[in-house]
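Asks: Position in the sequence shown (from 1) plus 1218 gives the number in our numbering. Glycine included, every Cβ here is placed at the ideal spot set by N, Cα and C. Sharing a structure below in structure tokens format, with a few things to ask.
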Amino acid sequence: MTKRLLSALLALPFLAAACAAPTDDAATAQDEASETAGACEALSPRTTPLELFVQPDVGAAPFEQIIGRATTSIDVMVYQMGFGPVLDGLIAKARAGVHVRVILDLAQERVNKKYKEKLEEAGATVIWSDPRFTFMHAKVIMVDGREALLSTGNYHQSYMMRERNFAVLDRDADDLASLKEIFEADFARQTPDVSCTRLVVAPVNARARLLELIRSARTSIEVESMQLGDRDVRSALVERKTAGVDVRVLLADPSWIDANAGAAEFLHQHGITPRWYPHVHVKTIMVDGRAAYVGSVNISWNSIDRNREIGVVATEPANLAAARATFEHDWAAATPF
């Protein structure tokens, strides 16, 4: 039985008794059913707010801190591990007896092999990702089942100190349950049940949720992304531009991501003048200043439909302000295509 169906069944007795004054037990059950239903929507408020970090401004600090807080377990999913504080911290925790499990991208075996060996030598359990995914491109560190750091960037220290990326600290119980479901299923090479989740998950709901977010825009859209190759997303941006929405797009330098030249030409033809900015590795879409997607999902067909990817939609004012300030800074310094 799915969470959505269970929520509906739990709510039926209370609908039948709507004319009667609710008891304390009834009110509690109604609240629980409401919270469960809310956790199925990307834009539903969280019980605990997200916290956004901007790289390279903060460097590796959020990653060092969350690993440092671990006492019993650390579960990691990442496309590329790397030398630096994340690897060092995981090794130290594994040696200290913390149960460390890591899923590394199989397609990046040549890059990740040396890190896998070092982690295993320290006592961590490390596996290659399920080959059904083109890339295991998610970047998640979950600690003690109580908190998780989701990021747009990989874990090599040089990337953290150079690239534009975001990281999000998530302590919401429903989100953590979803992350655990995904990790455990991927670790066992099974299919997770994410029919009810706030998360943006590829290849499950990412396409629908990104398009829904874009199409909800009424006044403004700001995209800062390493890539913009997906036709559906590009068309949705043009649709909003045609409807009078102010659309700004900031991409990685086409000398690095050559497909961005074609994306820029498409946007130009439809009245959107994008800009490029060095070292853009972030993947974010902000709509009307009220919601922002942040996650590992690149705006490409492969990433959306064939990779394992995880992201969130942030709605907290402080996080939106930080994302907006970052975009405005980068936009002002960027070069028009």
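#1: Whose C-alpha, out of LEU1469, ILE1517, ALA1481 and ALA1366, is nearest the C-alpha of LEU1428?
#2: On a Cα-Cα basis, can you pick out the residue from ASP1506, ALA1470, ALA1356 and ILE1309 that is closest to GLY1341?
#3: For the beta strand (DSSP E) that contains GLY1186, what are its first and last residues?
#4: Leaving out five residues before and five after THR1553 in sequence, what residues of the same chain have Cβ atoms less than 7 Å from its Cβ?
#5: For GLY1363, report the span of its alpha helix (DSSP H) as first-last.
#6: When you compare only the Cα positions, how much space is there between ALA1251 and ASN1478?
#7: In the structure shown, what three-state DSSP assignment does TRP1346 receive?
#8: Starting from TYR1495 and walking both ways along the alpha helix (DSSP H), at which residues does that stretch end?
#9: Can you check DSSP and say which residues form a bridge with LYS1501?
#10: Going by C-alpha distance, which of MET1360, GLU1402, HIS1317 and LEU1485 is nearest ASP1390?
#11: What separation, rounded to the nearest whole angstrom, lies between the Cα atoms of HIS1355 and PHE1545?
#12: Excluding sequence positions up to five away, which residues of its chain have a Cβ less than 7 Å from the Cβ of ASP1392?
#13: Which class does ILE1359 belong to by DSSP, given the choice of helix, strand or coil?
#14: Quick check on the DSSP output: what are the complete alpha helix (DSSP H) runs of length 4 or more inside the stretch 1290-1351, in order along the chain?
#15: Compare the C-alpha of ASP1404 against each of LYS1459, ASP1323 and GLY1277 and name the closest.
Replies: Let me spell this out:
#1: ILE1517
#2: ILE1309
#3: Lying outside 1219 to 1555, the shown extent of the chain, residue 1186 is not represented and no answer is given.
#4: ARG1493 and TRP1494
#5: Premise fails: GLY1363 is in no alpha helix (DSSP H) and is neither H nor E.
#6: Residue placement at ALA1251 is poorly supported in this model, since its pLDDT is 39, which falls under 50; the coordinates still yield a value, given next. Computed Cα separation, rounded: 45 Å.
#7: strand
#8: That residue, TYR1495, is in no alpha helix (DSSP H); its beta strand (DSSP E) goes 1493-1495.
#9: SER1443
#10: MET1360
#11: 23 Å
#12: ALA1257 and ARG1416
#13: strand
#14: 1303-1313 and 1327-1339
#15: ASP1323
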